[in-house]
Amino acid sequence: MRFSQFFNSWLNDGYYKKAVKIGKNGDFFTSVSVGSLFGVILSRYILSISSKFDGKISIVEIGANEGYLLADIIQGIFTFSPKSLSKFEFVMVEPHENLRLLQRANFKEFFGDEISLTHYKSLKDAKFKNAIFISNELFDSFACEVVDGEKMLYVGENLELFWDKIDPEIKDFAKKYEVKKGEIPLKLYEFFTNLSASASKFHFITFDYGDMGSRGDITLRIYDNHRVYNLLEEKDLSKFYKNSDITYDLNFEIFKSEFLKVKGVKFISFKKQSVALMDMGASEVLSVVSNSNNKNAYKNATLQLKRLIYEFGSRFKAIEFSKGV
1 MRFSQFFNSW LNDGYYKKAV KIGKNGDFFT SVSVGSLFGV ILSRYILSIS
51 SKFDGKISIV EIGANEGYLL ADIIQGIFTF SPKSLSKFEF VMVEPHENLR
101 LLQRANFKEF FGDEISLTHY KSLKDAKFKN AIFISNELFD SFACEVVDGE
151 KMLYVGENLE LFWDKIDPEI KDFAKKYEVK KGEIPLKLYE FFTNLSASAS
201 KFHFITFDYG DMGSRGDITL RIYDNHRVYN LLEEKDLSKF YKNSDITYDL
251 NFEIFKSEFL KVKGVKFISF KKQSVALMDM GASEVLSVVS NSNNKNAYKN
301 ATLQLKRLIY EFGSRFKAIE FSKGV
């Protein structure tokens, strides 16, 4: 089978269906795992751009896993501008039932009945007047093909990897984006079309691994209990298949170009996560914590920001788009 089928089966027919945990007790860390500061900084930024919209705004997290990021954003909004909570509604787009159940349970624990959470299985089911879309490490889970010159990666019946003739359509796509060796993400344009159709006006923010343009290398890797494995070097994939995380670095040039094909969409910015978080108000958030005279809270927030800047800040990027605002 094509590698993209294998990749999709690994994650969506197996790994994600198990409602896996991330952080210390999972296979990998994300910026959200560091603590609540990531979401609190985002809440400050969301409040600053909310004035661009008239009427109710839907804050929509796509691929929320346990739901911690959106919960941290809500807590941040309440901290900085409690009266503003009423202008927002909170939404998650999640195709996996086990994850939806986990997200609802966590929200019930965090907020009781004070905050309502709306779920959609797909963006095709959603209709928003105004939306702020957020995601963290979402697009590295999109199925991809893997190319190396005139060859493309395939998977045999016993999960062995092998190279064979490249599909003409994939070859043309790789040539268009000057990818001689690396991953070719699939269905980005379809996803962006559905996202744009779901909202009259929107602002879109996502964080993920990657670079602007092809690295000329294959970045596929497996995360299992915080250890990293090179997919191409593993002789027995059966021990990882559907049980561990599989991912790759994004080519943001493909990401940007495919999104800008959608009518009305505008590119806003592309930055290292470290720069984006500072621009979104990280220093101001620390100042607020400092003024609270809670030394432990300030120390914790400072440590979190250092991790977000120095451990995640360079490899992760933030990219933003908008429509109608």
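At position 270 of the sequence shown the residue is numbered 270 (the UniProt record's numbering), and the sequence of numbers has no breaks. In this text, a Cβ means the ideal position worked out from N, Cα and C, and glycines have one as well.
Practice prompt. For the alpha helix (DSSP H) holding Glu-145, just list the boundary residues, first then last.
Written response: It is not in any alpha helix (DSSP H) - Glu-145 instead sits in the beta strand (DSSP E) that spans 144-148.
Worksheet item: From Gly-324 to Thr-219, what distance separates their C-alpha atoms?
Response: Taking the CA atoms as reference points, Gly-324 sits about 35 Å from Thr-219.
Worksheet item: I think Val-91 touches Ser-58, with their Cβ atoms under 8 Å apart; what is that distance to the nearest whole Å?
Response: 5 Å
Discussion item. Below 8 Å, how does it come out for the stretch 260-277 and the stretch 313-322: are there three or more Cβ pairs, yes or no?
Written reply: yes
Discussion item. With DSSP as the reference, identify every bridge partner of Ala-318, one or two as the case may be.
Written reply: Phe-207 and Lys-271
Worksheet item: On the premise that Ile-246 lies in contact with Ile-222, defined as a C-beta separation below 8 Å, what is that separation, rounded to the nearest angstrom?
Response: 5 Å
Worksheet item: Is there contact between the stretch 204-216 and the stretch 73-85, where contact requires at least three CB pairs shorter than 8 Å?
Response: Counting C-beta pairs with one atom in each stretch, the stretch 204-216 and the stretch 73-85 have fewer than three that are closer than 8 Å, which means they do not touch.
Fill in: Per-residue DSSP class, three states only, for Met-280
coil
Practice prompt. Alpha carbon to alpha carbon, how far is Val-34 from Lys-129? Give it in angstroms, no decimals.
Written response: Straight-line Cα distance between these residues: approximately 33 Å.
Worksheet item: If we ignore side chains and look at the alpha-carbon of each, how far apart do Tyr-241 and Lys-299 end up?
Response: 40 Å
Worksheet item: Cα separation between Gly-55 and Ile-73?
Response: Roughly 19 Å separates the two Cα atoms.
Worksheet item: Taking just the CA atoms, how far does Glu-61 sit from Ser-122?
Response: Taking the straight line joining both Cα atoms gives about 12 Å.
Item to complete: Under 8 Å by Cβ, that's how I've got Val-155 and Phe-6 pegged, so tell me the actual separation to the nearest angstrom.
Response: Going by Cβ atoms, the distance from Val-155 to Phe-6 rounds to 4 Å, so yes, they are a contact pair.
Worksheet entry | Whole alpha helix (DSSP H) elements within the stretch 62-129, 4-residue minimum | 68-80 and 97-111
Worksheet item: Taking the alpha-carbon positions, what's the Lys-127 to Phe-133 distance?
Response: 13 Å
Fill in: From Glu-137, Lys-108 and Leu-286, residue whose alpha carbon lies closest to that of Asp-208
Glu-137
Item to complete: Assuming Ser-322 contacts Phe-202 (C-beta within less than 8 Å), just tell me the rounded distance between them.
Response: Yes, they are in contact, since the Cβ atoms of Ser-322 and Phe-202 sit about 7 Å apart, within 8 Å.
Worksheet entry | Cutoff 8 Å; reference Glu-145; Cβ partners in own chain excluding five residues on either side | If we look at Glu-145 and ignore the five residues flanking it on each side, its Cβ neighbours are Arg-2, Phe-3, Ser-4, Met-152, Leu-153, Asp-167, Ile-170, Glu-183, Ile-184 and Leu-186.
Item to complete: Would you mind stating whether His-119 and Lys-17 have Cβ atoms separated by less than 9 Å?
Response: no
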